[in-house]
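In numbering that gives the first Met the number 0, the protein residues as written are 0 to 539. Idealized CB from N, CA, C, for every residue including glycine. Structure record follows, encoded as C-alpha cells.
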Amino acid sequence: MNRLKFYIAHAQNLPFIENMEKRIQSASLLLDASLGHCFVDGLEHRDANAIYNCLRAYAAIDNTKHAEEIFRSTVVAPLLQKIIPQNSLGVVAGASGDELEEDYKQIRQYIEKDCKFLLEISFTENSGLHVFSFLANSILKEVLSAIQKGKPGAFSPGRPTEFLKNYKSSLDFLAHLEGYCPSRSAVSKFRAEVVYFEFMKQWNMGVYFSLRFQEIAGALDSALMVTGLVPIQGNSQDLTLKQSVSLLECLRSCWKDDVLVLSCSDKFLRLSLQLLSRYTHWLSAGLTARKTGNAGSSPGTEWAISAVPDDLIYIIHDLNCLVAEVSGDYLGHVLKLLSSCSAEVVDLVKQSILQGGKSLKDLVPLVMNSIIETLVEKSVEDLRQLKGITATYRMTNKPLPVRHSPYVSAVLRPLKVFLEGEKAAKYLTKEIRNDLSQGAAFEITGRYHELAADLVSLARKTESSLQRIRQGAQRRAGASSDVSDHNVSDTDKICMQLFLDIQEYGRNLAALGIEATNIPAYCSLWQCVAPPDRQHTISF
C-alpha cells in the first residue's frame with residue numbers, strides 16, 4: 000500500500016496510474032476500515048497482541064492519526080462523558096460548577112484503569128511505536144474538548160481565584176500525564192504536540208494578572224485616598240494605621256498560593272515594587288503638602304495637613320515595622336518561592352526588594368523633621384513673648400530683673416508634652432525620641448537666638464540714638480557732655496532679663512536630657528546677653 004501511494008505521489012500524470020487511482024483509494028479505505036475494526040476489537044478485549052500488531056500496521060502505513068482518533072472516540076470520550084456530562088445545550092449537567100480538580104482526579108483513575116495498558120504497549124522499547132502520541136492526541140485532546148463543551152467557564156479569568164485553582168489543577172494533570180512518558184525525549188515530544196499548546200493557550204494569564212493587578216493595587220489606592228490617617232488598635236501585625244496594614248496585605252497578596260503564578264512572577268515582583276513606590280509617594284507627597292500648607296494640587300495628601308505630631312508617631316512606627324518586614328520575612332518568603340531561579344536572578348530580586356525597603360526607611364527622617372517643625376512652631380509662639388521685654392524696661396526706671404520671664408517655662412512645653420506622651424513612649428524607640436528631642440532643641444534654640452539677637456541689636460541701636468539725643472540737649476544747655484551716666488541702661492536691663500531667661504531655658508533643656516553647651520546657637524546666645532564677667536563660663 001505504501002508503494003502504491005508512492006507511485007501516485009510521484010507518477011500521478013501517467014495514464015495507467017490515473018486509471019488505478021480509484022482502485023488504490025478504495026483499497027486504502029478498505030485497509031483502514033479493516034484495520035480499524037481489528038484495533039477496536041483489540042481494545043474492547045484488551046488483546047495486547049492484536050493491539051500491538053494493529054499499531055505496527057498503522058505505523059507501517061504512516062496513519063498514526065487514525066489509531067489515535069479511534070482510541071479517543073471509542074475509549075477516552077465515553078469515559079470523559081461520565082465525568083463531565085453535557086446536556087443538549089452543551090452545558091455541564093453536574094452541580095460541581097466550573098471546578099476541575101475533582102474531574103482531574105477521576106480522569107486519572109480512568110486513565111490508570113482503562114488507558115494505561117495501551118500507553119504501555121505504545122511505549123514498548125525498540126517497538127517502533129514511539130511515533131504514536133496517545134497522551135496528547137487522544138487523552139489530552141478529549142479532555143480539552145470535554146472542558147470546552149461542558150465547563151467553558153473553567154477557562155475564564157473573570158473569576159481569578161477559581162481560574163487559578165483550575166490552572167494549577169491542569170498543570171498537575173499535565174505533570175501526571177508526563178509521568179507515563181518513559182524518557183525525557185518522550186516528555187519533550189508530548190510538550191511539542193499541537194494539542195498541548197492549544198491546551199495551554201486556553202489559560203489567558205495576561206488577563207488574569209491584569210485582574211489581580213486591579214484588585215491588589217486598587218485595594219491600596221482606596222486605603223491611601225482616605226482623607227485622614229486611620230489608626231487600627233490591636234492589630235496582630237503590629238502596624239497602627241489602616242494604610243500601612245493595607246500595604247502589607249497587598250504585598251503579601253502578590254505571593255500568596257491562591258494568587259501567584261510562577262510564570263508571571265516577574266510581573267508580581269514589579270507589582271510589589273510598585274506598591275512600595277505608591278506608598279512611599281503617598282507619604283512623601285503628604286509631607287511636602289504639609290510643609291507648604293497646600294494639599295489642593297495633590298489629591299490624597301489631606302491627611303498630612305490635619306495630622307498632629309502624635310499622628311506622625313504612627314507613621315514612624317509603621318515605617319520601621321514595614322522596613323523590618325520587607326527586608327526580613329517578606330524577602331525570605333519571596334526568595335524561597337523563586338529558589339528554582341538562577342543565582343543571578345535571585346540576587347537581582349533580593350536587591351530590588353531591599354531597595355524598596357530602603358525607600359521606606361529614607362522617609363523616617365522626613366517624618367521626624369515634620370514633627371520637629373510642628374513642635375518648633377508651637378515653641379516659637381511662646382518665644383515671641385520676649386519682644387515684650389523691651390516695653391517692660393524701655394524708659395520705665397524699673398530695677399534690674401532678678402528672675403526669669405514667665406514665657407520661658409512654656410517654650411519647651413510642647414516638646415516635653417510630646418516626648419512624655421503615651422504614644423511616644425509606646426511606639427517610638429529611645430533612639431528616635433532622643434533624635435527628636437535633640438533636633439527640636441537645636442531648632443528652637445536657633446530661633447531663640449535669632450529673636451534675642453534681634454531684640455538686643457534693636458535695643459542697643461535705640462540706646463545709642465537716645466544717648467546722642469541726650470548729649471545734643473546737654474550741649475545746647477551748656478552742660479558738660481563728658482558727664483557719664485553711671486545708672487544702669489535700659490539695654491543692660493534687657494540683656495540681664497534675657498540672661499536670666501536663657502539660664503532657666505538651659506535648666507529646662509537639662510531636664511529633657513539635653514546639654515545646652517552642645518548647642519552652638521545656645522553658646523552664641525549666651526555670648527550675646529551674658530554680662531562681661533560671665534561670658535566665658537556657661538553655668539546655670
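Give the DSSP-derived three-state secondary structure of residue i in the structure shown.
i: Q85; result: strand
i: L99; result: coil
i: L219; result: helix
i: P181; result: coil
i: L240; result: strand
i: P230; result: strand
i: H332; result: helix
i: D309; result: helix
i: Y447; result: helix
i: A32; result: helix
i: W254; result: coil
i: N136; result: helix
i: V225; result: coil
i: T428; result: coil
i: F122; result: coil
i: A540; result: A question about residue 540 goes unanswered here, because the residues of the chain that appear run from 0 up to 539.
i: H316; result: helix
i: F212; result: helix
i: N62; result: coil
i: C249; result: helix
Can you name the start and end residues of the alpha helix (DSSP H) that residue i belongs to?
i: F498; result: D489 to A510
i: L282; result: S264 to T291
i: A47; result: A47 to A59
i: E521; result: In the sequence as presented, Glu is not what sits at residue 521; that position holds Tyr. Taken as a continuous stretch (DSSP letters only), the alpha helix (DSSP H) holding Y521 covers P519 to V528.
i: K200; result: V193 to K200
i: I513; result: Here I513 belongs to no alpha helix (DSSP H), and DSSP marks it neither H nor E.
i: R412; result: R412 to L418
i: D381; result: L362 to L382
i: H535; result: From DSSP, H535 is part of no alpha helix (DSSP H); its letter is neither H nor E.
Could you confirm whether any beta carbon from chain C is found closer than 8 angstroms to the beta carbon of residue i?
i: V455; result: Looking at the structure shown, chain C is missing, and only one protein chain is on hand.
Out of curiosity, what's the CA-to-CA distance linking residue i and residue j?
i: K415; j: G512; result: 11 angstroms
i: C253; j: S271; result: 7 angstroms
i: R277; j: L247; result: 12 angstroms
i: V375; j: D381; result: 10 angstroms
i: L54; j: T73; result: 16 angstroms
i: L454; j: K386; result: 7 angstroms
i: H403; j: F498; result: 8 angstroms
i: R475; j: T461; result: 21 angstroms
i: D61; j: V130; result: 9 angstroms
i: Y426; j: L176; result: 56 angstroms
i: Y51; j: Q201; result: 34 angstroms
i: A185; j: G127; result: 13 angstroms
i: S483; j: E372; result: The predicted position of S483 is uncertain, since its pLDDT is 46 and thus under 50; a value taken from the coordinates is nonetheless stated next. C-alpha separation (whole angstroms): 47 angstroms.
i: L524; j: V410; result: 16 angstroms
i: A92; j: I83; result: Any reading at A92 is ruled out, since the residue's pLDDT is 43, under 50, leaving its predicted position unreliable.
i: D265; j: K64; result: 39 angstroms
i: R533; j: F441; result: 23 angstroms
Are residue i and residue j touching if we call contact CB-CB under 8 angstroms?
i: D310; j: L228; result: yes
i: S132; j: E68; result: no
i: I146; j: V75; result: no
i: A303; j: G331; result: no
i: L240; j: D171; result: no
i: V407; j: D491; result: no
i: M495; j: P400; result: yes
i: L365; j: S305; result: no
i: L238; j: V194; result: no
i: W281; j: G299; result: yes
i: R211; j: V258; result: yes
i: D97; j: A135; result: no
i: R71; j: E141; result: yes
Inset, instruction - Kindly confirm or deny that the segment 515 to 531 and the segment 417 to 436 touch, where touching means at least three C-beta pairs closer than 8 angstroms. - result: no
Legend entry - Three-pair Cβ contact test at 8 angstroms for the segment 321 to 333 versus the segment 346 to 357: yes
Inset, instruction - Check whether the segment 78 to 86 touches the segment 143 to 159, taking contact to mean three or more Cβ pairs, one atom from each stretch, closer than 8 angstroms. - result: yes
Legend entry - the segment 200 to 220 in contact with the segment 252 to 269 per 3-pair CB rule at 8 angstroms: yes
Legend entry - Validate contact between the segment 119 to 134 and the segment 161 to 170 using beta carbons, cut 8 angstroms, 3 pairs: no
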